[in-house]
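> Quick one: the structure is below, and I'll ask about it shortly.
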Amino acid sequence: MRSLLVIHSHADPASEQADIIPSWQIEPEHLLESNGYLPLPCRDESEFKQLIHNADAAVLNIPVGTISMWSNRLEQTRAIPLLWWCSAISAQSSTEACEADATVDGILLPTMVAHELNWALHFSAKRFFERQHWQSERKQLTARLEERKWIDMAKGILGEVNGIPEAAAYDLLRKKAMNERKRIVDVAIAIVKAHQMLKA
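Shown next, in the form of structure tokens:
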């Protein structure tokens, strides 16, 4: 992980109080650059769409409440590890702000030294790949449950129409799928939809 897209929010209170806190504590670019990483600063939508394809991860320098919006936006464009920049101002947020439904793989702090930053990025990448794997498994499981629902409905229809038990209805469904060289779920969907149209 070398190139990091740094997303800044216009609404970040840290940017409004730059005269109170030294700039090196506000901007993540300083920490990243001084430790050999290539920060890619981004302040608007057009920059984000151009830079995301060159980034290995994204650092969100934004209020906690907007993390969810940005994580969804990033996920739709390109899935990469997401880290939240906990600035001195953000760290003073109430604990209620932390209850936001926000997906991040790690947190970076302005006070981190080189080895802490490296470990944070390493574990964030690991967490990201675990999250991606879990999401993929969840999608597959959801798809299988949906397919099972259609197949069960089709078995019920075939059993009722032909006056046969469920096991025989499943065999009939499977044979029809093999004869038509289609997936069993596609045949099941067609049967259920045809039956619904006839009953309408």
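As numbered in my numbering, residues 5 to 204 make up the sequence shown, in order. Glycine residues also receive a C-beta, built at the ideal position from the N, C-alpha and C atoms.
1) Mind checking which residues open and close the beta strand (DSSP E) that includes H12?
2) Does the separation of the CB atoms of S75 and L86 fall below 8 Å?
3) Between which two residues does the alpha helix (DSSP H) containing P32 stretch?
4) Can you give the Cα-Cα distance for R142 and L149, rounded to whole angstroms?
5) Can you look up A18 in the DSSP assignment and give me helix, strand or coil?
6) Got a sec? Which residues, its chain only, sit under 7 Å from Y41 by beta carbon, not counting five neighbours each side?
7) Among the candidates Q200, G167, I155, whose CA atom is the shortest distance from the CA of I188?
8) Where does F52 land, buried or exposed, given buried means 16+ other C-beta within 10 angstroms?
9) What does the alpha-carbon distance come out to for the pair A118 and S13?
10) Could you give the residue range of the beta strand (DSSP E) that holds N65?
By the coordinates alone:
1) Stepping through the sequence shown from its first residue, residue 12 is reached at position 8. Note, H12: beta strand (DSSP E), 7-12.
2) Residue mapping note: residue 75 aligns to position 71 of the sequence shown, counting from 1. Residue mapping note: residue 86 aligns to position 82 of the sequence shown, counting from 1. Yes, the pair counts as a contact, with Cβ atoms nearer than the cut-off.
3) Indexing the sequence shown from 1 puts residue 32 at position 28. Per DSSP, P32 is one residue of the alpha helix (DSSP H) stretching across 32-38.
4) Counting from 1 along the sequence shown, the entry for residue 142 is found at position 138. Counting from 1 along the sequence shown, the entry for residue 149 is found at position 145. Each residue's Cα considered, the two are about 11 Å apart.
5) Taking the first residue of the sequence shown as 1, we reach residue 18 at position 14. Residue placement at A18 is flagged as unreliable, the pLDDT there being 43, under the threshold of 50; a coordinate-derived value is accordingly withheld.
6) Locating residue 41 in the sequence shown gives position 37, where the first residue counts as 1. If you ignore the 5 residues before and after Y41, its C-beta comes within less than 7 Å of the C-beta of R6, L8, all in its own chain and listed in chain order.
7) For this step, residue 188 is matched to residue 184 along the sequence shown. For the residues Q200, G167, I155, the minimum Cα distance to I188 belongs to I155.
8) The residue labelled residue 52 in the question sits at position 48 within the sequence shown. Buried, because 16 or more other Cβ atoms sit within 10 Å of the Cβ of F52.
9) The residue given as residue 118 occupies position 114 in the sequence shown. The residue given as residue 13 occupies position 9 in the sequence shown. Using only the alpha carbons, I get a separation of about 25 Å.
10) Here residue 65 is taken as the residue at index 61 of the sequence shown, counted from 1. For N65, the uninterrupted beta strand (DSSP E) run begins and ends at 61-65, by DSSP.
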